Structure formats: structure tokens, C-alpha cells
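Visitor: Just passing along the structure, written as C-alpha cells.
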């Protein structure tokens, strides 16, 4: 009786990469090329579109609440970022001691990774949003003074003509800035007295980021989309509307009467100004994976730039995140892998130096886009 020959099962590259990602990546790297046909230190191409659906977009103004936007595509992954805002009274900010000690502001991000289902935020989305929040705050790109509101006053003259008076540096009819110390009205005239209130307000910015076709760690592309959206964010001029002021008289326990006035702060639908950013502090992020490939009794460690795909992401026993602004290293984060009892690949000084050099080149390229 003839012995039956075992049947061999063949898998397509996509299926093989899911069943055994480590072996699949190892076989490709031994041939000197990555599964995505990129070189070890090669990044994916980037496409940026920072025009589109902003409220004050010059090419296509809309009535939406979006103050700035961007669409960034890296490889197969696309991120849409929309910046919106709110107004908060400085008196309502808690922990004033901490607030005044830190002169920098941040953005409150919300990240949604499209997975074909709805539900509560995943751990990855919450961790990613928190990292964007902390990285932006520590980078010092936005000063709190840039979000302070110098509001105007909308009232009526003696002849019942409605006019809006702005403080110094308010809007001019031709859109030019006013550098003198006089108050400026919308008709270009100056006013000697303006009934401004002592209460101070500030803008609060929110970022909604939607990630489509995730093919790797999304922090780099989300950070790029956030920065590009902030660079074209425009804040509205605001003013207090006299007609919306509501007065209410209340009586205290001692019997004394007190008058409380509430005014509505209105954002101008047309007049706006670009948010002031610390341009020299703007940097971009790059992620590197360290992969260990068995080579006989020894092992070879390979640094992969801009890791992509399930095989590279799962086989990277250590991750290096680098944010570079010009010649300055803004952030460096190292994450160990989960293999071999939780120990990642050993990261040497040479690997860190190479990562920073590559991140610097990447940052210069993204700055020019």
C-alpha cells in the first residue's frame, strides 16, 4: 500500500501575514525588503489638504462651526481633522494657581478610528487622544494669551444707529490690523469711551479626528493633521450685544438689593483673525519599530521607519516615537514590546541617534508641504 503524501496548504500573502505575521515579516526582511516594498528607512508618501470646510475658509466659506480643518493621507490611511471652539469665562477656570503658572494652552482632541461599528471609545482612541493633548501642551505651540478674547461692544447711538466698537487691535474695514491704542469702530472711526466689562473670556479649542483605513500606529498622521488644521484655524471677532443684556434684581438675606446683568457674547459671522502659533516650536512626529530577526545562534535587530501593516506592527518588539521641531528634539518616547516575558528589543544609542536623524529629515519635509 502506497503511503499517502501530506497535502500542503498554500496561503496568499494577505492571509499568511495574518496567520503568522512574525514569520511572514521575517521572510521578507531576510530578502532585504519590507512587505510593503519600502526600504527599511523609507517613509510613506504624504498628501495634505488644508482647505475645504472651515467657517472662514476664503475659497469656500460656510456657516459651520469649524474654525480650521485638514485632510491628511499617508499611504492608505486618511485622517480628517476639524477644529471647533467654545468660549469660557476666565473666572470659571478651576485651579487658578496651576493655570497661571503654565503659560501654554492645548486642544481637547476626540479621536475616532473607523472600524465598521459604533459604540464607546476604545482604549486605543482614548490613549491616542490623551497623548495628542499632552504632546501639544508640552510643545508650547499655543500660548494662553493667543486664546484671550478682546471683545467689542454692540450698542446704539443717540440716533438709534447700531454700531460695533472694538478695542485696540480690532478689525479694520480693509482687514488690516490696528496698531494704535485708540478704540476702533466698524466704520473706521474712533471712540473715546467704550463700556467694556471687566470680565475676561478665552477661547477653548476642540479637535475631532476621524481615522479611516488604519494600517499602523496612527499617532504620526493624527499629529500631522492636528498641526495642519491649527495652522489654518481662524478665530472670530466677538462682541457683547447690548440688546441681549438681561437685568435681574435679587434680594440678599440681609435685605439689600443687588442687580445682576447677563450679556450675550456673539461671534461675528465674517470678521476673523488667524490664531497666533509659536511657529518655531511646530514639529512633526515619526514612529520607528525595532524588529528582531533570528540569524542562527545570534539575532539581528532592524530599525523600520514608519511601520505599516499588521505584520510590522505586531513584530515590532519596541517602538520609538520622536517629535522634532527644527533642530530641537521636542519629544522622545520608547515603548518596549510584549514578547519574551514582556522584554522588548534592546535599543542602543545608535538606534536612537538614527531615529532622531530620520525624524529630523521627515519633519523638514512635512514642514514644506
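Numbering (my numbering), first residue to last: -16 to 352. The beta carbon of each residue, even a glycine, is placed where N, CA and C say it ideally should be. Note that the coordinates shown come from a computational prediction; the quantities given were computed from them, not determined experimentally.
Between residue 94 and residue 119, how many whole angstroms is the CB-CB distance? I'm expecting something under 8 Å.
Guide: Counting from one through the chain shown, the residue named residue 94 turns up at place 111. Counting from one through the chain shown, the residue named residue 119 turns up at place 136. Not quite, the Cβ-Cβ distance comes to about 13 Å (not below 8 Å), so this is no contact.
Visitor: When burial is assigned at 16 or more other CB atoms within 10 Å of the CB, is residue 298 buried or exposed?
Guide: Your numbering for residue 298 matches position 315 in the chain shown. So residue 298 ends up on the buried side.
Visitor: Nearest by alpha-carbon distance to residue 113: which of 190, 38, 87, -2 is it?
Guide: To locate residue 113, count along the chain shown from 1; it is residue 130. Nearest C-alpha to residue 113: 190.
Visitor: Using DSSP with H/G/I as helix, E/B as strand and the rest coil, what is residue 30?
Guide: Numbered from 1 along the chain shown, position 47 holds the residue referred to as residue 30. Three-state DSSP puts residue 30 in a strand.
Visitor: Can you grab the Cα-Cα spacing for the pair residue 107 / residue 194, in whole Å?
Guide: To locate residue 107, count along the chain shown from 1; it is residue 124. To locate residue 194, count along the chain shown from 1; it is residue 211. Whole-angstrom Cα-Cα distance: 12 Å.
Visitor: Locate the beta strand (DSSP E) running through residue 286, then write down its first and last residues.
Guide: Position 303 of the chain shown, counting from 1, holds the residue named residue 286. Note, residue 286: beta strand (DSSP E), 281 to 288.
Visitor: Counting along the chain, where does the alpha helix (DSSP H) carrying residue 278 start and finish?
Guide: The residue labelled residue 278 in the question sits at position 295 within the chain shown. Where residue 278 is concerned, there is no enclosing alpha helix (DSSP H), although the beta strand (DSSP E) it sits in stretches over 267 to 278.
Visitor: For residue 64, does the three-state DSSP call read helix, strand or coil?
Guide: Here the question's residue 64 lines up with position 81 in the chain shown. Strand.
Visitor: Can you say whether residue -2 is buried or exposed, counting buried as having 16 or more other CB atoms within 10 angstroms of its CB?
Guide: The count along the chain shown starts at 1 and reaches residue -2 at position 15. Counting Cβ neighbours within 10 Å, residue -2 comes out exposed, since fewer than 16 surround it.
Visitor: Taking the runs of the alpha helix (DSSP H) that are 4 residues or longer, which of them lie wholly in the region 72 to 124?
Guide: Complete alpha helix (DSSP H) runs here, min 4: 79 to 84, 106 to 122.
Visitor: Who does residue 318 pair with in a DSSP beta bridge?
Guide: Taking the first residue of the chain shown as position 1, residue 318 is located at position 335. Paired residues: 302.
Visitor: Given this structure, state the Cα-to-Cα distance separating residue 324 from residue 204, to the nearest angstrom.
Guide: Reading the chain shown from its first residue, position 341 is the one you call residue 324. Reading the chain shown from its first residue, position 221 is the one you call residue 204. The predicted position of residue 324 is uncertain, since its pLDDT is 42 and thus under 50; a value taken from the coordinates is nonetheless stated next. Those two C-alpha atoms are separated by around 31 Å.
Visitor: Mapping DSSP to helix, strand and coil, what is residue -1?
Guide: On the chain shown, residue -1 is found 16 positions in, with the first residue counted as 1. Looking at residue -1 - three-state DSSP - the assignment turns out to be helix.
Visitor: Can you tell me whether residue 8 is helix, strand or coil according to DSSP?
Guide: Position 25 of the chain shown, counted from the first residue, corresponds to residue 8. DSSP places residue 8 in helix when its eight states are reduced to three.
Visitor: Please tell me whether residue 115 has its Cβ less than 8 Å away from any Cβ of chain B.
Guide: The structure shown contains no chain B; it holds only a single protein chain.
Visitor: Indicate whether residue 256 and residue 218 have their beta-carbon atoms separated by less than 8 Å.
Guide: As a position in the chain shown, residue 256 is number 273, starting the count at 1. As a position in the chain shown, residue 218 is number 235, starting the count at 1. Contact flag set, yes.
Visitor: Alpha carbons only, please: which of 267, 127, 185, 263 is nearest the one belonging to residue 72?
Guide: Against the chain shown, residue 72 aligns to sequence position 89. Minimum Cα distance to residue 72 is reached at 185.
Visitor: In the DSSP assignment, the beta strand (DSSP E) including residue 52 goes from what residue to what residue?
Guide: On the chain shown, position 69 is the one that residue 52 refers to. Segment 51 to 57, the beta strand (DSSP E) holding residue 52.
Visitor: Between residue 36 and the rest of its own chain, which residues show a CB-CB distance below 7 Å, the 5 nearest in sequence each way excluded?
Guide: Numbered from its first residue, the chain shown carries residue 36 at position 53. Answer for residue 36: 45, 47, 49, 52, listed in chain order.
Visitor: Expressed to the nearest angstrom, what Euclidean distance is found between the alpha-carbon atoms of residue 278 and residue -6?
Guide: As a working note, residue 278 is residue 295 in the chain shown. As a working note, residue -6 is residue 11 in the chain shown. About 25 Å.
Visitor: What residues match up with residue 249 in a beta bridge as DSSP calls it?
Guide: To locate residue 249, count along the chain shown from 1; it is residue 266. DSSP output for residue 249 lists 222 as bridge partner(s).
Visitor: Taking its Cβ as the centre, do 16 or more other Cβ atoms sit within 10 Å of residue 329, making it buried, or is it exposed?
Guide: Position 346 of the chain shown, counted from the start, is the residue given in the question as residue 329. Exposed, by the Cβ-count rule.
Visitor: Based on the DSSP secondary-structure assignment, which residues constitute the bridge partners of residue 309?
Guide: Position 326 of the chain shown, counting from 1, holds the residue named residue 309. Answer is none; residue 309 lacks a bridge partner.
Visitor: Please list, in chain order, all residues of the same chain as residue 368 whose beta carbon is under 6 Å from its beta carbon, the five residues on each side excluded.
Guide: Since the first and last residues shown for the chain are -16 and 352, residue 368 lies out of range.
Visitor: Do residue 258 and residue 129 have their C-beta atoms within less than 8 Å of each other?
Guide: In the chain shown, residue 258 corresponds to position 275, counting from 1. In the chain shown, residue 129 corresponds to position 146, counting from 1. Their beta carbons are under 8 Å apart, which means residue 258 touches residue 129 by this criterion.
Visitor: Relative to the C-alpha of residue 90, which residue among 192, 288, 16 is closest?
Guide: The count along the chain shown starts at 1 and reaches residue 90 at position 107. The shortest Cα separation from residue 90 among 192, 288, 16 belongs to 192.
Visitor: Assuming the contact rule is C-beta atoms closer than 8 Å, residue 216 and residue 66 should be a hit. Round their C-beta distance to whole Å, please.
Guide: Taking the chain shown and counting its residues from 1, the one referred to as residue 216 is at position 233. Taking the chain shown and counting its residues from 1, the one referred to as residue 66 is at position 83. Rounded, the Cβ-Cβ distance is 5 Å, consistent with contact.
Visitor: Can you grab the Cα-Cα spacing for the pair residue 155 / residue 134, in whole Å?
Guide: Residue numbering aside, residue 155 sits at position 172 when the chain shown is read from its first letter. Residue numbering aside, residue 134 sits at position 151 when the chain shown is read from its first letter. Confidence at residue 155 is low in this model, with a pLDDT of 48, below 50, so the placement of that residue should be treated as unreliable; the coordinate-derived value is given next. Roughly 14 Å separates the two Cα atoms.
Visitor: Among 348, 187, 58, 25, whose alpha-carbon lies nearest the alpha-carbon of residue 126?
Guide: As a first step, residue 126 is located in the chain shown; it is residue number 143 there, counting from the start. Cα-wise, what sits closest to residue 126 is 187.
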